[in-house]
Every structure is written in C-alpha cells, then in structure tokens.
Amino acid sequence: MVSRTAALLLGAVLLAAQLPLVPSRPAAPGAEPGRAATLQGEGRDGAAPNGSAQQLPQTIIIGVRKGGTRALLEMLSLHPDVAAAENEVHFFDWEEHYSQGLGWYLGQMPFSSPHQLTVEKTPAYFTSPKVPERVHSMNPGIRLLLILRDPSERVLSDYTQVFYNHVQKRKPYPSIEEFLVRDGRLNVGYKALNRSLYHVHLQNWLRFFPLRRIHIVDGDRLIRDPFPEIQKVERFLKLSPQINASNFYFNKTKGFYCLRDGGRDRCLHESKGRAHPQVDPKLLNKLHEYFHEPNRKFFELVGRTFDWH
C-alpha cells in the first residue's frame, strides 16, 4: 500500500512538472478574448513588480511601415492605462519567433497592472500575408491600430530610411530614381510601392477581422495636429480620456510635435522626420497617378477618404 501511494504521489509531481508555465485565469466579465493570458513573476531585473504581470497584447499597432507607428506608440504611452512593449517584437511575421509559441511572445511584453492595456507595434505585420490569421488565432477580439499616410510620401520615407541606414554604415546606395524607374517606366516591382497598396493588404486583414476591429489613424493629420487623432484612438480602445492638448508642443527646431509628460519633455529620435530626397516633378506625378486607382479602391473599402494626392 505504501509503495502504491508513493507511486501515485510521484506521478502527480511529474504531471505538475509538465504543466505549461503560462497560467490562465477566467477573464473578467466583458473582458476582451485573450485578456486573461498572463505571466506572474519577477521582472527582468529580478525585482517583482507589485501586483503586475505580463499580458498578451489586447491591442497591436499593425502598421504601416513609415506611417508613423513609433509616434503613435509614444503618444499612446502618455496614457496611464497603457503599457507598451519597447521594441518591435516581430512575433507573427518572423518564423524563428513564431515557432517559439505564445509563451515566448508573452515574455516580450512589459509588466503591467490588471487594469492596463498592453500594446505592441510591429509595422511589418500589415503587409505580411500570414499575420492576420495568426493574430486571429491568438485573439479574434483584439483591437488593431493601422496608421497610414499619403502612399507617395510613404514610399519616399521608406527609401529615405534605407538610404540613411547605408550612409551610417558608409555604404553606397542608389538614388531613388534608380528604384522608381525601369526602362523609362515606373518600376512597379519596387517593394516600397507594394507596401503602399493599402487596399491589397487590408483585404487580407478583412478576411479575419471586421472593419470595426481596425481603427485607421490618419498619419498625416497626426503629424500636423496630433491631439484630435489620439482622442479618436482613446475612444476606439475604450480608454478614459486622459491625454490632453497640453501633452503636445511644436518643436520649431525639429519641425514636428514633441511630447510633454509630467513636466518632462521628449521628442522622437533624430531619425524621425528626415527630409525626403528631391524627386523630379514629372516622376512625382507618375507616382501620384499610379496610386490614384489603388487609393480609390481603399477609400471604397473603408468608407472614408483621406487627403492624399
């Protein structure tokens, strides 16, 4: 009898050892699906945050690249009920990350209080074909933020970022004309052009999420007058109105709005807001003409228009 009891106890211990490290708990009434996924424990520095835990994101900024995702995340972080992941996680679009499972993803999230909303942003998600289904599998009720700007301007910003990355490494890089023009015509194979075909990529997301789950932020307006745009985001995320006009001030030296948080001023990194390359007006017109029909399809898809060329 004793040996049998010991065997049963040993079996129970072994079974417990195989249980997943990520505990689940019932979501509070009215909570978003996926909200309950948390990881209690010590912080990365060894200190145990009081009553905090890592939560799977209830909101993801899915894109678009060079649309203003960093500015949006920084502005949203002004809200006391938002906990934002510091870096782009690339969980759903990089196979080496996705293969490690939700436990790994959870480990990349910040520690947050139960009442806080966890947010991560990875701009590449919007244009990655596999991502919408993967996000839906994690949480079909998640709220998605998509920030867009004039597609022609986005192309120029896309090129500018890569150009400066090469400059910093002292590597040569072709002019933008060499990318935009092939055999006297617009090079429609240029990846930066494809990323600005918003209607194509949004259709992929709408296969898995209704439009009401995707809030589109006007990136051009966010640059010109950020407060009204961030108010819309607060309402979409069902956050109490905590961000005020006083949280923004225009920095004449940098040429864009900076943030004021509790008496502390901070601006985006110097890599943001860089001047675009000079482009021949005729080539710029070709770019505008190319996006005319895709933009029309996008406006029809979302039921609103944007002040784009």
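Under mature numbering (1 follows the signal peptide of the UniProt record, and there is no 0), the letters of the sequence shown match residues -24 to -1, 1 to 285, in that order. We put the beta carbon where it would ideally sit given N, CA and C, even for glycine.
Query: Straight-line Cα distance separating F212 from L121; Result: 9 Å
Query: Whole-angstrom distance between W80 and Y135, CA atom to CA atom; Result: 32 Å
Query: Cα-Cα separation between V278 and S75, rounded to whole angstroms; Result: 33 Å
Query: Sufficient close CB pairs (3 or more, under 8 Å) joining the segment 96 to 107 to the segment 32 to 45; Result: yes
Query: 3-residue-minimum beta strand (DSSP E) runs that sit fully inside the segment 104 to 175, ordered along the chain; Result: 119 to 124
Query: Beta-carbon proximity list for G22, same chain, < 8 Å, skipping 5 on both sides; Result: In this prediction, G22 scores a pLDDT of 38, lower than 50, which makes its location untrustworthy; the coordinate-derived value is nonetheless stated afterwards. Contacts found: none.
Query: Span separating the alpha-carbon of P5 from that of S216; Result: Unreliable positioning characterises P5 in this predicted model, as indicated by a pLDDT of 31, which lies under 50. A coordinate reading is not provided.
Query: Which residues DSSP lists as bridging G39, in chain order; Result: L122
Query: Inter-residue Cα distance where the pair is A59 and D256; Result: 43 Å
Query: Range of the contiguous alpha helix (DSSP H) that encloses Y266; Result: 257 to 278
Query: Y225 - containing beta strand (DSSP E), residue span; Result: 224 to 227
Query: Sheet register partners of F87 (DSSP bridge); Result: Q30
Query: Proximity below 8 Å, CB of Q218 to CB of H55; Result: yes
Query: Span separating the alpha-carbon of Q137 from that of H66; Result: 19 Å
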